[in-house]
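Chemist: Just add 207 to the spot in the sequence shown (first one is 1) and you have this note's numbering.
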Amino acid sequence: MNYFQPQTVGQAVNIAQTFEATFLAGGTDLVLHMQTGKIHPNAIIDLGKISELKEIKETDGYLEIGSMATFAELGQSELVFQKALALWLACQTMGSPQIRNQATLGGNLGNCSPAADGLPPLLALGAEVRLISREGDEVVSLETLLSRTPLLSQGTLIREFRIPLKGLQSGFAKLGRRKALAIARLSVAIAIELEDNRVGKVRVALGAVGKRAYLSEILARELSDQELNEVWIEKGIEGVQRVVREALGARASAPYKREAVSGVFREALGTFIPEGGTKV
Ligand SMILES: Cc1cc2nc3c(=O)[nH]c(=O)nc-3n(C[C@H](O)[C@H](O)[C@H](O)COP(=O)(O)OP(=O)(O)OC[C@H]3O[C@@H](n4cnc5c(N)ncnc54)[C@H](O)[C@@H]3O)c2cc1C
208 MNYFQPQTVG QAVNIAQTFE ATFLAGGTDL VLHMQTGKIH PNAIIDLGKI SELKEIKETD
268 GYLEIGSMAT FAELGQSELV FQKALALWLA CQTMGSPQIR NQATLGGNLG NCSPAADGLP
328 PLLALGAEVR LISREGDEVV SLETLLSRTP LLSQGTLIRE FRIPLKGLQS GFAKLGRRKA
388 LAIARLSVAI AIELEDNRVG KVRVALGAVG KRAYLSEILA RELSDQELNE VWIEKGIEGV
448 QRVVREALGA RASAPYKREA VSGVFREALG TFIPEGGTKV
């Protein structure tokens with residue numbers, strides 16, 4: 208099998224097309240899939256030497272995160288903590304310290320498991336994704352990208368994530384399978400416009416409920432433009448339970464997840480409701 212280690216994004220994309228090669232980021236999913244025979248790549252392109260893919264920076268009203276930023280780097284970033292708390296929180300509980308050191312946000316999207324921890328926060332925060340292929344550059348909202356099948360065409364590289372800095376308050380919580388290697392059984396990310404105790408636009412994203420993480424339009428409609436108080440929180444809990452019930456139907460995990468989501472929703476809110484403000 209051919210193995211390439213390009214220095215630039217352009218080289219990576221060219222090789223990908225020419226050799227029908229597969230991108231390798233941290234390898235925490237890809238290597239497992241190769242070992243179990245789930246995939247048999249023609250060639251591998253290791254993205255580890257492309258330094259521009261590792262950048263985390265603020266530019267022109269966006270927080271830009273290169274696809275090769277690891278969960279550990281994101282979880283230690285003051286910028287991510289300040290500007291995208293939901294994502295920062297997700298990075299604290301993702302996998303184990305060893306996995307967080309290897310695993311990248313780009314790989315999290317590339318693998319796109321239903322329980323991918325990075326995706327609900329990015330959805331709630333309204334992130335866009337910059338893709339590069341031989342055909343050119345494309346910036347697409349993550350929500351739109353997640354509705355595509357396949358997610359990425361052959362040779363398309365995830366360049367970066369762009370989170371618009373709109374001053375949203377955000378939070379994240381998940382219910383893990385086991386404490387040590389906590390693959391989410393259910394996760395909730397929420398981002399809201401909040402001024403004093405007035406809630407503006409609300410975005411709630413759910414993980415491990417459908418085939419892919421998704422934004423709930425119903426919850427956005429039902430929870431936006433209201434006072435933040437216990438009534439609003441109860442309405443959110445009732446709403447999120449209903450959404451989970453409808454999404455899971457008769458699946459075995461449905462009764463458990465429907466109950467659990469109320470606690471997870473409350474916990475996600477509790478991560479950012481200002482102290483001394485409205486009690487959660
Ligand atoms: C023990 C263990 C625990 C885990 N716990 C969690 C958890 O708690 N939460 C969670 O979300 N995940 C978890 N995972 C899954 C995994 O670690 C994540 O999905 C991780 O983010 C994958 O990133 P990676 O850099 O290792 O990707 P890789 O394995 O290198 O790649 C994954 C896929 O994405 C593609 N890809 C990677 N980068 C790009 C790019 N820039 N452009 C285009 N395609 C790309 C690859 O070709 C491949 O198909 C766990 C995995 C293990 C083994």
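We put the beta carbon where it would ideally sit given N, CA and C, even for glycine.
Please read all numbers here as calculations on a predicted model, not as lab measurements.
(1) Does DSSP put Q448 in a helix, in a strand, or in coil?
(2) I'd like the list of long-range same chain contacts for G268, defined as Cβ closer than 8 Å, with 5 residues on each side in sequence excluded.
(3) Tell me the rounded alpha-carbon separation between G392 and A323.
(4) Below 8 Å on the Cβ atoms is my guess for I365 versus V220; work out the distance and round it to an integer in Å.
(5) Run the proximity test for I390: is its beta-carbon closer than 8 Å to any non-hydrogen atom belonging to ligand 1?
(6) To the nearest angstrom, report how far apart W295 and Q376 are at their CA atoms.
(7) Just to confirm my understanding: we take M208, look at its own chain, exclude 5 residues before and 5 after, and list those with CB closer than 8 Å. What are they?
(8) For G378 versus F278, is the C-beta distance shorter than 9 Å?
(9) Which ranges does the alpha helix (DSSP H) cover as unbroken runs of at least 4 residues, wholly within the region 283-334, from first to last along the chain?
(10) In terms of residues, what are the limits of the beta strand (DSSP E) holding N221?
(11) In whole angstroms, what is the alpha-carbon distance linking P327 and K290?
(12) For E434 and S348, I'd like the C-alpha separation in whole angstroms.
(13) If contacts are defined as beta-carbon pairs under 8 Å, then V468 and V395 qualify, I think. What distance do you get, rounded to the angstrom?
Modeler: Working from what's here:
(1) As a position in the sequence shown, residue 448 is number 241, starting the count at 1. DSSP places Q448 in helix when its eight states are reduced to three.
(2) Reading the sequence shown from its first residue, position 61 is the one you call residue 268. For G268, where only same-chain residues beyond five positions count, the Cβ hits under 8 Å are P371 and L372.
(3) Taking the sequence shown and counting its residues from 1, the one referred to as residue 392 is at position 185. Taking the sequence shown and counting its residues from 1, the one referred to as residue 323 is at position 116. Position check: residue 392 holds Arg in this sequence, whereas Gly was assumed. Rounded to the nearest angstrom, the two C-alpha atoms are 10 Å apart.
(4) Your numbering for residue 365 matches position 158 in the sequence shown. Your numbering for residue 220 matches position 13 in the sequence shown. In fact, because the Cβ distance is near 11 Å, the residues do not count as touching under 8 Å.
(5) Against the sequence shown, residue 390 aligns to sequence position 183. Correct: I390 has its Cβ closer than 8 Å to ligand 1.
(6) Taking the first residue of the sequence shown as 1, we reach residue 295 at position 88. Taking the first residue of the sequence shown as 1, we reach residue 376 at position 169. Rounded to whole angstroms, W295 to Q376 spans 12 Å at the Cα level.
(7) Residue 208 sits at position 1 when you count from the first residue of the sequence shown. Closer than 8 Å at Cβ, skipping near neighbours: P248, N249, A250 and I251.
(8) Counting from one through the sequence shown, the residue named residue 378 turns up at place 171. Counting from one through the sequence shown, the residue named residue 278 turns up at place 71. No, the Cβ-Cβ distance between G378 and F278 is not below 9 Å.
(9) 285-290, 292-300, 304-309, 312-318 and 326-331
(10) To locate residue 221, count along the sequence shown from 1; it is residue 14. Here N221 belongs to no beta strand (DSSP E); instead the alpha helix (DSSP H) covers V216 to F226.
(11) Counting from one through the sequence shown, the residue named residue 327 turns up at place 120. Counting from one through the sequence shown, the residue named residue 290 turns up at place 83. Near 16 Å, if we compare the C-alpha coordinates of K290 and P327.
(12) One-based indexing of the sequence shown puts residue 434 at position 227. One-based indexing of the sequence shown puts residue 348 at position 141. Distance between the alpha carbons of E434 and S348 is about 29 Å.
(13) If you number the sequence shown from 1, residue 468 lands on position 261. If you number the sequence shown from 1, residue 395 lands on position 188. 7 Å between Cβ atoms; contact.
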